DNA sequence: ATAGCAATTTAGCCTTGACTAACTTTAAAA
DNA sequence: TTTTAAAGTTAGTCAAGGCTAAATTGCTAT
Ligand SMILES: [Mn+2]
Ligand SMILES: [Mn+2]
Ligand SMILES: [Mn+2]
Ligand SMILES: [Mn+2]
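Residue numbers (our numbering), protein chains in the order written: chain P, 692 to 834; chain C, 692 to 834.
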């Protein structure tokens, strides 16, 4: 019953790709709640125009996305007003911010240029499992 | 003109997210050419049914994707026949396979369980810049 | 008070990447 | 040689996540 993937490569790649598709489905949500949290912390409130500027997308795109987030229970909003995180949204934002920071710090700690790390961490963070994140965190903390 | 992102955080996040969206647009292509190459190496040819099984998607989905890859010059195919990589497709497959392997080996080398590394590498690979990849490779090779 | 500008929303469009159901072709068995 | 099962294709649907253009709302300065 050995299942060491180095010796016995997985024939069941399908599981791996199913998980990958799941991660993709969560990426935009994760980046939005994290950014909304940042804006509230930095500027007191999260406005559409600021999200559009930071993500480099149009106001219409932000509007669509916020509707999805609202439908999924991560934010609340009223027409022409600022956007707020629900408890669920705040919990996700906190988790994502911490994860993002660990990934960024880890990359820098192994010698990646901070500028480059900033780019790469934005994508990598969404594909790092809890287990791998713990390894990263432990590595950064110096053993 | 210091631009150290740790001290002077980027206000221009938009660049980071634009690059992230670019990476996403390439992911499926990258995974397909790599898998097609694997199938040709392992089984002599790449058939739709094998791609569908390995990715865990339907035959119709594979068909759509192959049409896109063909349109973009990565593969050739004729109805009811196997799929072949073009030169461009093979070049991309080679690059992706090497990158994938480096990411996987790196994760294992820092203590991530091989099973977990197999999952995480499938997503992380698409977000690792050339610079970061070099750091990973050097780290694996033991300095 | 209101005019005008900035912010937001709405409507309509597009591509990607997924699906099901139905059809066609190929190839193997009988 | 015919039948049949597997493989592949086609048609139609959907959601996510982008866009532009046009309409609407809110705020600010006059
Ligand atoms: Mn993030
Ligand atoms: Mn991100
Ligand atoms: Mn890969
Ligand atoms: Mn991959």
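Where is the CB? At the ideal position from N, CA and C, for every residue including glycine. Source: prediction; values computed, not measured.
query                                                                                                                                                                                                         : result
Quick check: what's the CA-CA separation for residue 817 of chain P versus residue 715 of chain P?                                                                                                            : 8 Å
Output the boundary residues of the alpha helix (DSSP H) element that contains residue 766 of chain C.                                                                                                        : First-last for residue 766 of chain C: 766–768, but that is the beta strand (DSSP E), not the alpha helix (DSSP H).
Could you tell me which uninterrupted beta strand (DSSP E) segments, each at least 3 residues in length, are contained entirely in the stretch 697–770 of chain C, listed from first to last along the chain? : 766–768
Below 8 Å on C-beta distance, what does residue 747 of chain P contact in chain C?                                                                                                                            : 704, 705, 706, 708, 709
Excluding five sequence neighbours on each side, which residues of the same chain lie with their C-beta closer than 7 Å to the C-beta of residue 756 of chain C?                                              : 719, 723
Cβ of residue 721 of chain P versus every heavy atom of ligand 2: is any distance shorter than 8 Å?                                                                                                           : yes
When the cut-off is 9 Å and only beta carbons count, does residue 694 of chain P lie next to chain C?                                                                                                         : Residue placement at residue 694 of chain P cannot be trusted, given a pLDDT of 47 that sits under 50; the coordinates are not used to answer.
Distance cutoff 9 Å, beta carbons only. Does residue 735 of chain P sit that close to anything in chain C?                                                                                                    : no
Cβ of residue 732 of chain P less than 9 Å from any chain C Cβ?                                                                                                                                               : no
Between the alpha carbons of residue 749 of chain P and residue 707 of chain C, how many angstroms are there, rounded?                                                                                        : 16 Å
In chain order, what residues of the same chain lie with their CB nearer than 7 Å to the CB of residue 812 of chain C, ignoring the 5 residues before and after it?                                           : 791, 794, 795, 798
Using a C-beta to C-beta distance shorter than 8 Å, which residues of chain C count as neighbours of residue 658 of chain P?                                                                                  : Nothing can be reported for residue 658 of chain P: it is not among the residues displayed for chain P, which extend from 692 to 834.
Is it a yes or a no for the stretch 781–791 of chain P touching the stretch 721–741 of chain P, going by three-plus beta-carbon pairs under 8 Å?                                                              : yes
Whole angstroms is fine: what's the gap from residue 822 of chain P's alpha carbon to residue 803 of chain C's?                                                                                               : 7 Å
Counting contacts by CB-CB distance shorter than 9 Å, is residue 744 of chain P in contact with chain C?                                                                                                      : yes
Compute the Euclidean distance between the alpha carbons of residue 766 of chain C and residue 703 of chain C, then round it to the nearest angstrom.                                                         : 37 Å
Identify the contact partners of residue 716 of chain C in chain P, using a Cβ-Cβ distance below 7 Å as the criterion.                                                                                        : Under the 7 Å cutoff, chain P gives no residues; its nearest Cβ is about 12 Å from residue 716 of chain C.
To test your reading of the DSSP string, which unbroken beta strand (DSSP E) runs of 3 or more residues are found completely within the stretch 762–812 of chain P?                                           : 766–768, 774–776
Does the beta carbon of residue 918 of chain C come closer than 9 Å to any beta carbon on chain P?                                                                                                            : Given that chain C is displayed from residue 692 to residue 834, the structure contains no residue 918 of chain C and the question cannot be resolved.
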